[in-house]
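Engineer: First the structure, then my questions, so here it is.
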Amino acid sequence: MGENIRMAFIGVGDMGSHHAMGFDLIPGCEVSYICDFDDRNVQRTLKELKNSQPIICTDYREIVSNPDIDAVVVSVPNYLHREVAVPFLQAGKHVFLEKPVAPNVEDCDAILAAAEQSGKILQIGLVYRYSNLYRRMAREIQGGRLADVQMMWCKEFRDPFPPVDWFYDATKSGGALVEKNCHHFDIFNWMMNAKPVRVFASGGQHLIRHGHSRVITNSYTHYPAKEIEHSSIVDHAWVIVDYENGSKANLGLCMYLQPRNLMEEGLEFGLIGSNGAQMQAKRDKTISIYGGEDYTKEEINVDVRSDSLAGGHTGGQTQRAEFIACIRSGRSPVASGSVGRDALLVALAAEKSIREERYVYINEMG
Ligand SMILES: NC(=O)c1ccc[n+]([C@@H]2O[C@H](COP(=O)([O-])OP(=O)(O)OC[C@H]3O[C@@H](n4cnc5c(N)ncnc54)[C@H](O)[C@@H]3O)[C@@H](O)[C@H]2O)c1
Numbered sequence: 000m001g002e003n004i005r006m007a008f009i010g011v012g013d014m015g016s017h018h019a020m021g022f023d024l025i026p027g028c029e030v031s032y033i034c035d036f037d038d039r040n041v042q043r044t045l046k047e048l049k050n051s052q053p054i055i056c057t058d059y060r061e062i063v064s065n066p067d068i069d070a071v072v073v074s075v076p077n078y079l080h081r082e083v084a085v086p087f088l089q090a091g092k093h094v095f096l097e098k099p100v101a102p103n104v105e106d107c108d109a110i111l112a113a114a115e116q117s118g119k120i121l122q123i124g125l126v127y128r129y130s131n132l133y134r135r136m137a138r139e140i141q142g143g144r145l146a147d148v149q150m151m152w153c154k155e156f157r158d159p160f161p162p163v164d165w166f167y168d169a170t171k172s173g174g175a176l177v178e179k180n181c182h183h184f185d186i187f188n189w190m191m192n193a194k195p196v197r198v199f200a201s202g203g204q205h206l207i208r209h210g211h212s213r214v215i216t217n218s219y220t221h222y223p224a225k226e227i228e229h230s231s232i233v234d235h236a237w238v239i240v241d242y243e244n245g246s247k248a249n250l251g252l253c254m255y256l257q258p259r260n261l262m263e264e265g266l267e268f269g270l271i272g273s274n275g276a277q278m279q280a281k282r283d284k285t286i287s288i289y290g291g292e293d294y295t296k297e298e299i300n301v302d303v304r305s306d307s308l309a310g311g312h313t314g315g316q317t318q319r320a321e322f323i324a325c326i327r328s329g330r331s332p333v334a335s336g337s338v339g340r341d342a343l344l345v346a347l348a349a350e351k352s353i354r355e356e357r358y359v360y361i362n363e364m365g
């Protein structure tokens, strides 16, 4: 590896383009290759690059063994994660792989095994692990502000996924709770600081229904509105996760708000501690802490800008900088393969619980 880390970007749709823009801004990084057969997505991405002039290709297999590539960012649809990530790991490249690790346990474990064998860095795009806001929440918990966390919730009430077919096919995305809420299940796992034991979920299709054509719009994508007729994913769910220490978490998902979530709280996380204190995060922007040992109320306005350059969720740019730091130092990433696997297991258990209408134990999942 020379002084610069030379990077290839496989898939530059909504997410991969943010990554190319973000890594392009990091000193010592070169966006050397972009691989995507959607030329419009490639051209959109190229327009945003300030420092790099990448070589373009349409088949990732052509560059797997290219000695001019040190690291790869994989942002293809979930069902292709294994197919793309494993050969690059086997070829000795560091891999930044978008979440969820994969749409099923088998693919996930094949990716983790390839990373283990290669000894290279595998970092999963669980971006909130790098966000100033959620890191501050974790510090408040570690500092004892809530004593022990007993209850936690997340309200993810939002507009539909982008109108791109693979999101709506559970065999390709893993389902809505896998595709979207692996982020939130990961935050539960992190803040609860305990192992999840079992999951109970109820969900279904209220409005985005299989066999009922519906025009889908999404507030953050660059893809135009489109009719989606076939969907095998839920458009709403309530999920309860029980942890080994008796604490409990609850997630609500709604995927059909129009035009998007306009309520003041936006994405909301809440926690209640054994000392009676409450903590809430709203809109990925603010933290409030109330009560506990005394009646103090704190409103914390965290810096949510410096960690989030170049788009995507809060923490997006810090996760990129830390991937580069891990490559240079050899240390393991915070959002490791096993952190990604733990979040995936909860999500897959929730999907299974909905299908089978019962508690699903995490140790059933593999
Ligand atoms: N971390 C986050 O917050 C976040 C947000 C959105 C998406 N994602 C993840 O990023 C990944 C991509 O999602 P997206 O929203 O960008 O999807 P997308 O459909 O917008 O983009 C996927 C891109 O991959 C390309 N592609 C497909 N097969 C390919 C192949 N074999 N070789 C090269 N390119 C190929 C497509 O042409 C497209 O440009 C998914 O895993 C998704 O879960 C993560």
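Quick note: the sequence shown uses numbering that gives the first Met the number 0, first residue 0, plus one each step. C-beta atoms are modelled at their ideal positions from N, C-alpha and C, and glycine is treated no differently.
#1: Which first and last residues belong to the alpha helix (DSSP H) in which W189 is found?
#2: Which whole-angstrom value is the C-beta distance of Q122 and A346, which I expect to be below 8 Å?
#3: Thinking just about the alpha-carbon of each residue, which of C34, D69, P53 is nearest to the one in R60?
#4: Suppose the cutoff is 6 Å on Cβ atoms and the five residues either side in sequence are ignored; what does the same chain contact list for G251 look like?
#5: Leaving out five residues on either side along the sequence, give the residues of the same chain with a beta carbon under 8 Å from the beta carbon of D147.
#6: What alpha helix (DSSP H) runs, 4 residues minimum, are completely inside the segment 6 to 88?
#7: By how many angstroms is the C-alpha of H17 removed from the C-alpha of A276?
#8: Please name the residue or residues paired with W152 in a DSSP beta bridge.
#9: In its own chain, which residues sit with a C-beta less than 6 Å from the C-beta of G12, not counting the 5 before and 5 after it?
#10: Does ligand 1 have even one heavy atom less than 6 Å from the beta-carbon of E97?
#11: What does DSSP give as the partner residue(s) for K296 in the beta ladder?
#12: Below 7 Å between beta carbons: does that hold for K284 and E267?
#13: With DSSP as the reference, identify every bridge partner of S201, one or two as the case may be.
#14: Which class does F95 belong to by DSSP, given the choice of helix, strand or coil?
#15: If I follow the unbroken alpha helix (DSSP H) through V338, where does it start and stop?
#16: Could you check whether L270 and C107 sit closer than 7 Å to each other, using their CB atoms as the reference points?
#17: Whose C-alpha, out of K49, H211, D241, G315, is nearest the C-alpha of Y360?
#18: Would I227 pass as a contact of R208 if the rule is Cβ separation under 7 Å?
#19: Which word fits S51, buried or exposed, when buried means at least 16 other C-beta atoms lie within 10 angstroms of its C-beta?
Structural biologist: The short version:
#1: 181 to 191
#2: For a cut-off of 8 Å, the C-beta gap from Q122 to A346 is around 19 Å, too long to register as a contact.
#3: C34
#4: K154, W237
#5: N244, S246, G272, S273
#6: Here the runs fully enclosed are 13 to 23, 38 to 47.
#7: If I take the Cα positions, the gap works out to 37 Å.
#8: DSSP lists N249, G269 as partners of W152.
#9: Cβ neighbours of G12 beyond the five flanking positions: N40.
#10: yes
#11: Y289
#12: no
#13: In the DSSP output, where bridge partners are listed per residue, S201 has W237.
#14: strand
#15: 336 to 355 is the extent of the alpha helix (DSSP H) around V338.
#16: no
#17: D241
#18: Annotated as distal: I227 and R208, with beta-carbon spacing of 7 Å or more.
#19: buried
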